[in-house]
Amino acid sequence: SQQGEEDPQALSIQEGENATMNCSYKTSINNLQWYRQNSGRGLVHLILIRSNEREKHSGRLRVTLDTSKKSSSLLITASRAADTASYFCATGGRETSGSRLTFGEGTQLTVNP
Amino acid sequence: DGGITQSPKYLFRKEGQNVTLSCEQNLNHDAMYWYRQDPGQGLRLIYYSQIVNDFQKGDIAEGYSVSREKKESFPLTVTSAQKNPTAFYLCASSTGTAIYGYTFGSGTRLTVV
Chain E
895 SQQGEEDPQA LSIQEGENAT MNCSYKTSIN NLQWYRQNSG RGLVHLILIR SNEREKHSGR
955 LRVTLDTSKK SSSLLITASR AADTASYFCA TGGRETSGSR LTFGEGTQLT VNP
Chain R
2 DGGITQSPKY LFRKEGQNVT LSCEQNLNHD AMYWYRQDPG QGLRLIYYSQ IVNDFQKGDI
62 AEGYSVSREK KESFPLTVTS AQKNPTAFYL CASSTGTAIY GYTFGSGTRL TVV
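If you read the sequences in order, they're chains E and R. In terms of our numbering, the first sequence opens at residue 895 and continues consecutively. In terms of our numbering, the second sequence opens at residue 2 and continues consecutively.
Put into structure tokens, the structure is as follows:
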């Protein structure tokens, strides 16, 4: 099955800096989604970008998608300590049925006050 | 408020026992999913259901069983055939196309004692 791979596995920055996380995948997709997980909790949906879109914004989040390179990036601007969490990309494939998503292994982001 | 509820939050299983994890949603979502998460890892799909009375195996279905008798409910049974069940289990739901992303429960942490 296709799988997103996040890079880096871990990222540590200072409050106020920007954080960039990358995701690569292997096969054609309908859409790519980003989720956030605080330690020991469920995941929270952040943003979805469709395969025919190149960039999308939501508040301090900016997502880009390059289908020719099979990659996406998530940028968090002006980071805060509360942004500390794991971030996962998930892909919905053209070949898979309906709503099934495949998740990557995540990037652990630590924002130091 | 609409949401998805998993219970219990913590569960302990003795060797050779079957245990059932509960997942209930009141979002009127057609699709429901079970994922397993091991420490520091991504999510792996166990089973999913896109409609009542129908479900499909995910990537790691061996040792697990599910039922979908009601739209609101998708319980997961971890059987004694699952040799390494200690993990964090996450339930999620979505519309049929998942175009708005998944809504996750807060998880059940299962430990074998």
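Just so you know, even glycine gets a beta-carbon here, dropped at the ideal spot from N, CA and C.
If you drop the 5 nearest sequence neighbours on each side, which residues of the same chain put their C-beta closer than 7 Å to that of residue i?
i, result
"Q38 (chain R)", "L44, A88, F89, L91"
What is the DSSP secondary structure of residue i, counted as helix, strand or coil?
i, result
"A872 (chain E)", "Outside the shown range of chain E (895 to 1007) lies residue 872 (chain E), about which nothing can therefore be said."
"S952 (chain E)", "strand"
"Y929 (chain E)", "strand"
"I61 (chain R)", "coil"
"A93 (chain R)", "strand"
"S895 (chain E)", "Caution is warranted here: a pLDDT of 42 is assigned to S895 (chain E), below 50, making its placement in the model unreliable, and the coordinate value is therefore given only provisionally. Three-state DSSP puts S895 (chain E) in coil, outside helix and strand."
"E25 (chain R)", "strand"
Just to confirm my understanding: we take residue i, look at its own chain, exclude 5 residues before and 5 after, and list those with CB closer than 8 Å. What are they?
i, result
"F105 (chain R)", "I5, L91, C92, A93"
Under 6 Å Cβ to Cβ from residue i, same chain only, skipping five residues before and after it: list those, please.
i, result
"I943 (chain E)", "L926, K950, V957, L959"
"A984 (chain E)", "Q927, L995, F997"
"A904 (chain E)", "Q1002"
"G64 (chain R)", "T80, A82, Q83"
Can you give me the C-alpha to C-alpha distance between residue i and residue j, rounded to a whole angstrom?
i, j, result
"S95 (chain R)", "N85 (chain R)", "28 Å"
"E70 (chain R)", "N54 (chain R)", "5 Å"
"L12 (chain R)", "L111 (chain R)", "5 Å"
"T98 (chain R)", "H939 (chain E)", "15 Å"
"K15 (chain R)", "G910 (chain E)", "47 Å"
"T27 (chain R)", "T971 (chain E)", "Residue 27 (chain R) is actually Asn in this sequence, not Thr. Between N27 (chain R) and T971 (chain E), the C-alpha separation is close to 34 Å."
"F75 (chain R)", "D60 (chain R)", "18 Å"
"Y929 (chain E)", "T21 (chain R)", "27 Å"
"I47 (chain R)", "Y36 (chain R)", "5 Å"
"D31 (chain R)", "N19 (chain R)", "27 Å"
Based on the DSSP output, what are the partners of residue i in its beta bridges?
i, result
"I970 (chain E)", "E:A913, E:L955"
Is the Cβ of residue i closer than 7 Å to any Cβ of chain R?
i, result
"L959 (chain E)", "no"
Under 7 Å between C-beta atoms, does residue i make it to chain E?
i, result
"A62 (chain R)", "no"
Would you say residue i faces chain B, with C-beta separation under 7 Å as the test?
i, result
"Q927 (chain E)", "The displayed structure is made up of protein chains E and R, and chain B is not among them."
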